[in-house]
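Asker:
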Amino acid sequence: MALLFCLVLLVACVPGDSNVEQLAPGVVYHKIHLLEGPWWIHVIEVDLPEAWAAGVRLRTAMGHSERGGVQKTSSLAAGALAGINGDYLYTSKTSHTAGLQIHAGRLIRTPQRQSAFAISDAGEPLIAVYQMELGVLTAAGDDLRAHGFNREPGSEELVVYNHYAQAWHDSVRAARGFLLQGLYGESTINDTVITRVQQVRRRAWPLFLEPDQWLLATGAEYDASSSIAPGDTVRLYCRLPPAHDKLVEAVGGGPRILRDGAISIEVEKERLSRAFADERHPRTAIGYSQNGQVLFLIAVDGRQPGHSVGMSLQELAEFMRMRLADFSFAKENAYQGLNLDGGGSTTMVVGDQVVNSPSDPTGERPVANALLVVAPEGGEDKP
């Protein structure tokens with residue numbers, strides 16, 4: 007996709023209009039007005055090969071950094087080229103995301119039984135319901151499969167904690183804890199980190215871990231002492247099938263709405279309500295083309311009669327599958343698509359400005375995480 011312009015262009019479209027702004031090599035913002043809704047639709051189009059070659063990257067951000075919490079998308083996206091809100095909250099009374107999140111190759115939240123979007127270090131996107139295989143290969147060659155991540159261990163369980171555990175707990179009570187110090191490697195996602203067992207302790211353990219530290223905690227009926235001892239070199243791994251590549255960023259959502267070029271509103275499979283799908287609401291979504299080279303970040307305004315009425319998931323999927331190519335510089339529609347948190351959370355930020363019209367009377371709603379498009383400098387390492 008050749009992007010040879012730097013100014014905002016006005017492109018006439020039928021039956022609506024689109025304002026187009028180039029943000030960086032391979033990154034374009036479209037503001038689309040469709041009269042039949044009426045709908046105001048905001049799209050960030052990313053030509054992944056061109057953007058990746060220029061150093062542009064996707065990054066997730068979580069509210070209030072390592073400690074968790076909620077923040078406005080505009081705050082999370084400060085310094086980024088653009089951003090959209092991400093996943094749902096686990097419950098309305100918590101500040102944690104409901105589904106998978108990966109940041110800079112580190113797992114923050116485990117996958118659930120809903121779809122998530124991830125991108126590899128090579129810039130290849132994938133929407134899937136991910137599984138998790140987490141564990142430790144000991145010096146003796148034993149494979150100790152973990153039962154959980156960043157939560158209290160049951161009596162017969164082995165649980166792994168990382169730097170982001172402090173967003174959930176200040177400490178953990180365990181029959182035995184093994185502190186691992188990283189020696190080589192940073193990402194455990196479809197990869198392995200080589201660590202050394204630095205310390206073994208019983209009972210309570212503080213969870214203020216450094217980014218290159220992990221804690222293995224066991225319940226009273228799980229004995230790992232015969233397999234792991236202080237000074238041992240062990241390998242920590244985390245596999246997320248169906249992905250095979252190293253995943254660097256991921257954000258949860260649901261349900262999937264496009265599968266292999268066909269509309270597939272998978273609400274029952276992902277345990278969401280049919281009313282949630284059928285009613286018109288503000289929507290946030292992500293999708294990519296059949297060749298995996300063009301990515302679309304989408305926000306649809308809603309709950310504002312006369313301005314934009316919002317979309318059902320069917321309408322959103324139809325737009326992504328059949329109408330995006332009318333506006334896309336790559337002339338591509340979405341082939342795979344995922345709905346993200348919507349309603350009052352739907353927010354798109356471009357250049358530190360909220361460009362859509364959030365539906366809450368109080369304005370932009372704080373969220374647990376966001377998905378950002380970042381330039382080579384200014385926001386690439388936002389936690």
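Just add 6 to wherever you are in the sequence shown, counting from 1, and you've got my numbering.
All C-beta atoms in this analysis are idealised placements derived from N, C-alpha and C, irrespective of residue type, glycine included.
Would you give the residue range spanned by the alpha helix (DSSP H) that Glu285 belongs to?
Answerer: Premise fails: Glu285 is in no alpha helix (DSSP H) and is neither H nor E.
Asker: Would you tell me roughly how many angstroms separate the C-alpha atoms of Thr353 and Ala376, rounded to the nearest one?
Answerer: Roughly 9 Å separates the two Cα atoms.
Asker: Taking only runs of the beta strand (DSSP E) that begin and end inside the stretch 226 to 279, which ones reach a length of at least 3 residues, in chain order?
Answerer: Taking only runs of at least 3 residues, the beta strand (DSSP E) segments lying wholly in the stretch 226 to 279 are 239 to 245, 253 to 258, 262 to 265.
Asker: With 16 as the cutoff for other CB atoms within 10 Å, does Thr290 come out buried or exposed?
Answerer: Result: buried.
Asker: When the Cα atoms are used, what is the spatial distance from Leu64 to Ser121?
Answerer: Cα to Cα, the separation comes out at about 18 Å.
Asker: In this structure, how does DSSP classify Leu16 when only helix, strand and coil are distinguished?
Answerer: Confidence at Leu16 is low in this model, with a pLDDT of 34, below 50, so the placement of that residue is unreliable and no value is reported for it.
Asker: Express the C-alpha separation of Ile269 and Gln137 in angstroms, rounding to a whole number.
Answerer: Between Gln137 and Ile269, the C-alpha separation is close to 23 Å.
Asker: Note down, in chain order, each residue of its chain lying with its Cβ closer than 8 Å to the Cβ of Val273, except the 5 sequence neighbours on either side.
Answerer: Excluding sequence neighbours, Val273 sits near Pro261, Ser279, Arg280, Phe282, Ala283, Leu319.
Asker: Give a yes or no on whether the minimum CB-CB distance between Val254 and chain D is below 7 Å.
Answerer: Chain labels in this structure do not include chain D; a single protein chain is all it has.
Asker: What alpha helix (DSSP H) runs, 4 residues minimum, are completely inside the stretch 295 to 357?
Answerer: Qualifying alpha helix (DSSP H) stretches, in chain order: 319 to 324.
Asker: Put Pro55 into one of helix, strand or coil per three-state DSSP.
Answerer: If DSSP states are grouped into helix, strand and coil, Pro55 belongs with the helices.
Asker: Quick one: what's got a C-beta closer than 7 Å to Ser177's C-beta in the same chain, skipping five residues either side?
Answerer: Taken in chain order, the residues that qualify are Ala210, Trp211, Pro212, Leu213.
Asker: Would you say Glu163 and Tyr228 are within 7 Å of each other, going by their C-beta atoms?
Answerer: Yes, these two residues count as a Cβ contact at 7 Å.
Asker: Take Gly357 and list the residues in its own chain whose beta-carbon comes closer than 8 Å to its own, dropping the five residues that flank it on each side.
Answerer: Answer for Gly357: Leu29, Leu87, Ala88, listed in chain order.
Asker: When DSSP labels each residue in this structure, what does Ser24 get in the three-state scheme?
Answerer: Correct three-state label for Ser24: strand.
Asker: Between which two residues does the beta strand (DSSP E) harbouring Thr79 extend?
Answerer: Counting along the chain, Thr79 falls outside any beta strand (DSSP E), though it belongs to the alpha helix (DSSP H) covering 79 to 82.
Asker: What span of residues does the beta strand (DSSP E) with His36 cover, start to end?
Answerer: First-last of the beta strand (DSSP E) with His36: 33 to 40.
Asker: Between which residues of its own chain and Gly129 is the CB-CB distance below 6 Å, once the five residues before and five after are set aside?
Answerer: Excluding positions up to five away in sequence, the list reads Leu54, Trp58.
Asker: Please state if the CB of Arg241 and the CB of Met143 are separated by a distance shorter than 7 Å.
Answerer: First, the residue type needs correcting, since residue 143 is Leu and not Met in the sequence shown. A contact, by the Cβ cut-off of 7 Å.
Asker: Which same chain residues, not among the five before or five after Trp174, have their C-beta less than 6 Å away from its C-beta?
Answerer: Excluding residues within five positions, the ones whose Cβ falls inside 6 Å are Asn156.
Asker: Taking only three categories from DSSP, how would you classify Gln120?
Answerer: Note: Gln120 maps to coil in three-state DSSP.
Asker: Mapping the DSSP letters down to three states, classify Gln137 as helix, strand or coil.
Answerer: Gln137 falls in the coil class under three-state DSSP.
Asker: In whole angstroms, what is the alpha-carbon distance linking Ile263 and Gly349?
Answerer: Their Cα atoms are separated by approximately 17 Å.
Asker: What distance in whole Å lies between the Cβ atoms of Val257 and Asp127, which are believed to be in contact at a cut-off of 8 Å?
Answerer: Contact flag wrong, Cβ pair sits at about 16 Å.
Asker: Helix, strand or coil, according to DSSP, for Tyr96 in the structure here?
Answerer: DSSP places Tyr96 in coil when its eight states are reduced to three.
Asker: When DSSP labels each residue in this structure, what does Ala173 get in the three-state scheme?
Answerer: Helix at Ala173.
Asker: Given that a residue counts as buried once 16 or more other Cβ atoms are within 10 Å of its Cβ, and exposed if not, what is Pro367?
Answerer: Exposed, by the Cβ-count rule.
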